[in-house]
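Protein sequence lines correspond, in order, to chains Y and V.
Take the first sequence: its position 158, counted from the start at 1, is 158 in the numbering used here, and no numbers get skipped.
Take the second sequence: its position 363, counted from the start at 1, is 363 in the numbering used here, and no numbers get skipped.
Quick reminder that beta carbons are idealized off the backbone N, C-alpha and C, glycines included.
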Amino acid sequence: MEIFLSQLFIGLSVASILLLVALGLTFTFGQMNVINMAHGEFVMAGAYTTYVIQGALGASLVTLGFLVALPLAFLVGGALGVVLEWVLIRRLSGRPLDTLLATFGVALILQQVARDVFGASNVQVRAPAFLDGAITVAGVSMSYTRLFIIALVGVCLAAIWAHLGRSPAGRRMRAVMQNRDLAAASGVRTPRVDRRTFFIGSGLAGVAGVAVTLLGSVGPTLGTNYLIDAFLVVIVGGLGRLRGAVMAAVALGLFNAYVEYGTDASIAKAAAFALIVVFLQFRPQGLVVQRARGLT
Amino acid sequence: MHRLSETRRKTRCETRRAGARRLPALAAVLAALLAVACGQSAPEPGSSPSAEPGVSGDTIKVGILHSLSGTMAISEVSVKDAEQLAIDEINAQGGVLGKKLEPVVEDGASDWPTFAEKAQKLISSDNVAAVFGGWTSASRKAMLPVFERNKALLYYPVQYEGLESSPYIFYSGATTNQQIIPGLEHLKEKGVKRLFLLGSDYVFPRTANKEIKAWAKANGMEIVAEEYTPLGHTEYGTLVNKITAAKPDAVFNTLNGDSNVAFFKQLRNAGVSADDIPVMSVSVAEEEARGIGPDNLAGHLTAWNYYQTTDTPENEEFVKAYKQKYGADRVTDDPIEAGYVQVWLWAKSVEKAGSTNPEKVKQAAKGLTFDAPEGKVTIDGDTQHLYKTARIGRIRPDGLIEELSSSDEPIEPDPYLKGYDWAKGL
Numbered sequence: 001m002e003i004f005l006s007q008l009f010i011g012l013s014v015a016s017i018l019l020l021v022a023l024g025l026t027f028t029f030g031q032m033n034v035i036n037m038a039h040g041e042f043v044m045a046g047a048y049t050t051y052v053i054q055g056a057l058g059a060s061l062v063t064l065g066f067l068v069a070l071p072l073a074f075l076v077g078g079a080l081g082v083v084l085e086w087v088l089i090r091r092l093s094g095r096p097l098d099t100l101l102a103t104f105g106v107a108l109i110l111q112q113v114a115r116d117v118f119g120a121s122n123v124q125v126r127a128p129a130f131l132d133g134a135i136t137v138a139g140v141s142m143s144y145t146r147l148f149i150i151a152l153v154g155v156c157l158a159a160i161w162a163h164l165g166r167s168p169a170g171r172r173m174r175a176v177m178q179n180r181d182l183a184a185a186s187g188v189r190t191p192r193v194d195r196r197t198f199f200i201g202s203g204l205a206g207v208a209g210v211a212v213t214l215l216g217s218v219g220p221t222l223g224t225n226y227l228i229d230a231f232l233v234v235i236v237g238g239l240g241r242l243r244g245a246v247m248a249a250v251a252l253g254l255f256n257a258y259v260e261y262g263t264d265a266s267i268a269k270a271a272a273f274a275l276i277v278v279f280l281q282f283r284p285q286g287l288v289v290q291r292a293r294g295l296t
Numbered sequence: 001m002h003r004l005s006e007t008r009r010k011t012r013c014e015t016r017r018a019g020a021r022r023l024p025a026l027a028a029v030l031a032a033l034l035a036v037a038c039g040q041s042a043p044e045p046g047s048s049p050s051a052e053p054g055v056s057g058d059t060i061k062v063g064i065l066h067s068l069s070g071t072m073a074i075s076e077v078s079v080k081d082a083e084q085l086a087i088d089e090i091n092a093q094g095g096v097l098g099k100k101l102e103p104v105v106e107d108g109a110s111d112w113p114t115f116a117e118k119a120q121k122l123i124s125s126d127n128v129a130a131v132f133g134g135w136t137s138a139s140r141k142a143m144l145p146v147f148e149r150n151k152a153l154l155y156y157p158v159q160y161e162g163l164e165s166s167p168y169i170f171y172s173g174a175t176t177n178q179q180i181i182p183g184l185e186h187l188k189e190k191g192v193k194r195l196f197l198l199g200s201d202y203v204f205p206r207t208a209n210k211e212i213k214a215w216a217k218a219n220g221m222e223i224v225a226e227e228y229t230p231l232g233h234t235e236y237g238t239l240v241n242k243i244t245a246a247k248p249d250a251v252f253n254t255l256n257g258d259s260n261v262a263f264f265k266q267l268r269n270a271g272v273s274a275d276d277i278p279v280m281s282v283s284v285a286e287e288e289a290r291g292i293g294p295d296n297l298a299g300h301l302t303a304w305n306y307y308q309t310t311d312t313p314e315n316e317e318f319v320k321a322y323k324q325k326y327g328a329d330r331v332t333d334d335p336i337e338a339g340y341v342q343v344w345l346w347a348k349s350v351e352k353a354g355s356t357n358p359e360k361v362k363q364a365a366k367g368l369t370f371d372a373p374e375g376k377v378t379i380d381g382d383t384q385h386l387y388k389t390a391r392i393g394r395i396r397p398d399g400l401i402e403e404l405s406s407s408d409e410p411i412e413p414d415p416y417l418k419g420y421d422w423a424k425g426l
């Protein structure tokens with residue numbers, strides 16, 4: 001029972017990390033049908049933002065540096081995303097394969113830039129002191145870092161939900177996502193909405209970058225470690241569907257946690273892939289399907 | 001600098017004299033060994049297409065082949081730096097055979113077939129005298145047939161899992177009995193009875209753990225679990241739960257690369273300290289400690305042959321020169337030192353042989369000694385491994401590693417573990 005609960009916590013924690021990285025992708029992938037291979041590098045940019053700010057503020061302000069990094073990484077990631085959209089992706093609209101290759105190239109360039117600027121070695125990001133240690137509830141040890149990430153995902157989700165559902169800009173985003181041509185015919189300026197979507201999606205990647213510094217390495221190839229899993233979440237969840245992404249992340253996280261406890265990490269990963277292949281045979285559109293009166 | 005070069009010159013003369021006396025006998029042994037081991041006779045020196053590879057005019061070309069991009073760049077770039085430092089020092093002293101060394105640097109890109117291709121390119125189009133390179137066992141295994149086929153020399157700087165002894169590779173890192181077994185013996189002395197094995201899922205950890213299990217069986221130590229995670233794995237929550245549930249006395253860690261960062265961070269986050277369950281690592285050195293964060297590592301154990309804190313006059317000079325060339329914030333560690341040492345060993349062998357011909361260099365290398373930063377190392381002619389001193393260390397809060405105990409004198413390399421009864425049948 002204790003192990004069941006411990007793994008439940010680990011599963012939810014894994015889900016929260018997957019979701020944090022995948023949130024931005026669901027938008028860019030869902031709305032613009034762009035497979036952005038550089039998304040992982042935006043995560044990396046967020047992680048390095050934390051490193052730079054902690055370095056600038058000095059060792060005594062580690063906690064402040066970390067907290068300041070959260071909004072700043074959003075801006076850094078977002079800015080990178082807008083530049084990528086403006087320079088490259090809008091010129092390749094409707095050519096998903098070319099975009100995939102081009103953004104993969106961008107990913108490699110960004111990795112090499114990070115290597116040249118910060119060195120090939122991992123850099124050290126310190127966790128704030130208040131996240132040190134763990135709390136034990138009913139025999140389950142829950143580390144503060146994992147709880148913090150779960151809370152952070154909660155905040156991001158709430159913010160996105162509010163933005164999409166309540167603000168005019170969010171409504172325009174949904175309109176473009178559901179039917180680009182109709183939205184354009186109704187007077188929505190789709191290029192501007194695209195850029196906004198890319199800003200938010202890439203900014204979320206930056207925030208994810210700050211969060212993953214608590215758990216893993218901060219180096220030039222950080223992003224590639226998370227990208228594939230994030231794509232799985234997006235595809236299983238259904239393109240551009242927030243609810244689907246949440247469900248997929250939780251399912252994948254729990255599946256991984258329990259299967260890995262019974263077997264090992266390699267088998268758990270292989271089993272997850274096998275399950276997804278089978279799942280997509282029966283439900284290629286993903287868990288949650290967009291219902292719209294489109295002509296698609 | 002001056003003091004160091006003086007010692008070096010002296011050593012070179014001494015070894016040349018000692019080597020000259022033993023040369024004929026050793027040559028006979030080598031020829032016999034080659035004939036028996038490979039089922040073919042040793043090629044006549046000078047019979048290969050390029051008898052003096054690398055030599056052109058006033059320069060000798062040597063190859064450096066490490067991952068400068070991709071997941072392994074993190075570790076290999078520093079080794080490349082150390083090798084270039086050695087080449088600079090050798091050139092500053094007048095080069096080898098009166099000729100300057102000219103490095104040809106290639107990027108293995110963390111991709112094993114690329115290592116094989118680039119090795120072939122260095123040998124056949126650049127015609128280098130020797131190649132210094134590799135890190136992962138997978139990259140070495142990919143390059144091995146290339147060097148054997150071309151009868152060219154590879155110097156490999158990293159500790160590895162043993163059970164290999166190619167006639168065309170010089171192994172300047174530790175083999176199992178110079179690192180892993182001393183590490184295990186240290187744990188046994190400290191009263192560890194239950195051991196948890198954790199490694200990345202590839203050739204080095206799997207082979208090392210096979211050897212560790214055989215050792216444990218003979219030494220009455222219980223292996224409570226053996227776990228592998230894919231290279232680049234970042235989620236260790238489940239594994240930390242498995243460790244705390246199994247309650248081992250210690251963890252033996254053969255994880256490689258970025259996974260170490262995730263593992264140690266998440267272990268500490270879960271409230272497990274080095275006092276509760278110490279982790280003995282064989283792939284975490286000073287360079288890795290910087291990226292993992294000394295906070296997360298302090299108190300955990302390592303097994304290596306060299307630390308930046310190793311107290312020898314040669315090391316003082318080496319650390320100073322390295323920091324001067326690459327920045328005061330850089331650290332040295334075991335593979336970096338081995339990379340530096342192997343360039344010197346090659347240069348000394350060539351000086352002694354009076355030629356860059358691989359067969360002659362191999363002959364000359366037998367029994368060659370060098371006062372390395374880690375202390376005296378000697379090339380074992382039979383296996384082409386080094387006699388190395390084993391050192392158990394503890395990671396300090398500042399990220400450097402302090403020595404807890406050492407083998408006092410260099411241990412004879414035994415890549416096939418022939419000297420150990422428990423290793424029969426591996």
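Here's a check: name, in chain order, each residue in its chain whose Cβ is nearer than 7 angstroms to the Cβ of Y/L18, leaving out the five neighbours to either side. Shown here for Y/L18: same chain residues with a beta carbon closer than 7 angstroms to its own, the five before and five after excluded, namely D229, A230, V233, A249, L252 and G253 in chain order.
Is the beta carbon of Y/Q31 sitting closer than 8 angstroms to the one on Y/V176? yes
Chain Y contacts made by the region 241-256 of chain V, where a contact means CB separation under 8 angstroms: N241, K242, T244 and A245: these are the residues of the region 241-256 of chain V whose beta carbon lies less than 8 angstroms from some beta carbon of chain Y, given in chain order.
Which residue comes first and which comes last in the alpha helix (DSSP H) that contains V/I392? From DSSP, V/I392 is part of no alpha helix (DSSP H) but of the beta strand (DSSP E) over R391 to I395.
What do you get for V/Q93, buried or exposed, if any count of 16 or more other CB atoms within 10 angstroms of its CB means buried? Exposed, by the Cβ-count rule.
Report buried or exposed for Y/N122, applying the criterion of at least 16 other Cβ atoms within 10 angstroms of its Cβ. buried
Please state the DSSP three-state secondary structure of V/N253. strand
Contacts of V/Y202 in chain Y (Cβ-Cβ under 9 angstroms): Near V/Y202 there are no residues of chain Y at all, since even the closest Cβ is about 11 angstroms away, more than 9 angstroms.
When V/I243, V/F252 and V/R290 are compared against V/G471, the one with the closest alpha-carbon: Nothing can be reported for residue 471 of chain V: it is not among the residues displayed for chain V, which extend from 1 to 426.
is_contact[Y/A257, chain B] using C-beta, thresh 8 angstroms: Looking at the structure shown, chain B is missing, and the protein chains on hand are Y and V.
How would you write the range of the beta strand (DSSP E) that V/P103 sits in, first residue to last? K100 to D107
In the structure shown, what three-state DSSP assignment does V/D275 receive? coil
Note down, in chain order, each residue of its chain lying with its Cβ closer than 8 angstroms to the Cβ of Y/M37, except the 5 sequence neighbours on either side. Excluding sequence neighbours, Y/M37 sits near L100, T103, F104, V106, A107 and L227.
Go through its chain and collect everything with a Cβ distance to V/A174's Cβ below 7 angstroms, but skip five positions before and after it. Q159, N305 and K388
Would V/G367 and V/T378 qualify as a contact pair, given that the criterion is a beta-carbon distance under 8 angstroms? yes
Which whole-angstrom value is the C-beta distance of V/G393 and V/M280, which I expect to be below 8 angstroms? Their Cβ separation, rounded to whole angstroms, is 10 angstroms, which puts V/G393 and V/M280 out of contact at 8 angstroms.
What are the residues that DSSP puts in a beta bridge with Y/T136? Y/S141
Find the residues of chain V that neighbour Y/D194, judging by a C-beta separation of less than 9 angstroms, and give them in chain order. Those within 9 angstroms of Y/D194 in chain V number zero; the least Cβ separation is about 31 angstroms.
Would you call V/W346 buried or exposed, if buried means 16 or more other Cβ atoms sit within 10 Å of its Cβ? buried
Contacting positions in the region 257-277 of chain V - beta carbon closer than 7 angstroms to chain Y: D258, V261, A262, K265, Q266, N269, A270 and G271
Under 9 angstroms from the C-beta of V/Y228: neighbouring residues of chain Y: In chain order, D264, A265 and S266 make up the part of chain Y whose C-beta sits under 9 angstroms from the C-beta of V/Y228.
Neighbour list for Y/D46 in chain V, Cβ cutoff strictly below 7 angstroms: Residue 46 of chain Y is actually Gly in this sequence, not Asp. Ordered by position in chain V, no residue passes the 7 angstroms Cβ test against Y/G46, which lies about 15 angstroms from the chain.
For V/A37, would you say it is in contact with chain Y, using Cβ-to-Cβ distances shorter than 8 angstroms as the test? Low per-residue confidence applies at V/A37: pLDDT is 43, beneath 50, and the placement is therefore not dependable, though the value from the model is reported in the following sentence. For V/A37, the answer is no, since every Cβ of chain Y falls outside 8 angstroms of its Cβ.
Could I get the ranges of all uninterrupted alpha helix (DSSP H) runs contained in the region 105-149 of chain V, with 4 residues as the minimum, in chain order? 112-124
Below 8 angstroms CB to CB, which residues in the same chain sit around Y/V188 once its five sequence neighbours on both sides are set aside? R172, A175 and V176
Closest residue to V/K61 among V/I336, V/I74, V/A289 and V/N91 (Cα-Cα distance): V/N91
Kindly list the residues whose CB is nearer than 6 angstroms to the CB of Y/R115, restricted to its own chain and excluding five residues on each side of it in sequence; keep chain order. By the criterion of a C-beta distance shorter than 6 angstroms, Y/R115 is surrounded in its chain by P220, once the five residues flanking it on both sides are discounted.
Collapsed DSSP secondary structure at V/S47 in the structure displayed: Confidence at V/S47 is low in this model, with a pLDDT of 39, below 50, so its placement is unreliable and no value can be given for it.
Going by DSSP, what residues sit across from V/S200 in a beta bridge? V/T229
Could you run through the region 109-121 of chain V and flag, in chain order, every residue whose CB is less than 8 angstroms away from some CB of chain Y? Correct list: empty, as no residue qualifies.
Cβ neighbour criterion (16 or more within 10 Å) applied to Y/G139: exposed
Quick one: is V/E409 buried, meaning 16 or more other Cβ sit within 10 Å of its Cβ, or exposed? By the Cβ neighbour-count rule, V/E409 is exposed, with fewer than 16 other Cβ atoms within 10 Å of its own.
Tell me which same chain residues have a C-beta within less than 6 angstroms of the C-beta of V/E76, skipping the five on either side of it? H66, S67 and W135
DSSP state of Y/T221 mapped onto helix, strand, coil: coil
Which ranges does the beta strand (DSSP E) cover as unbroken runs of at least 3 residues, wholly within the region 362-423 of chain V, from first to last along the chain? 369-372, 375-379, 391-395 and 401-406
Helix, strand or coil at V/L33 according to DSSP, with G and I counted as helix: For V/L33, the pLDDT reaches just 47, beneath the cut-off of 50, and the residue's location in the model is therefore unreliable, leaving the point undetermined.
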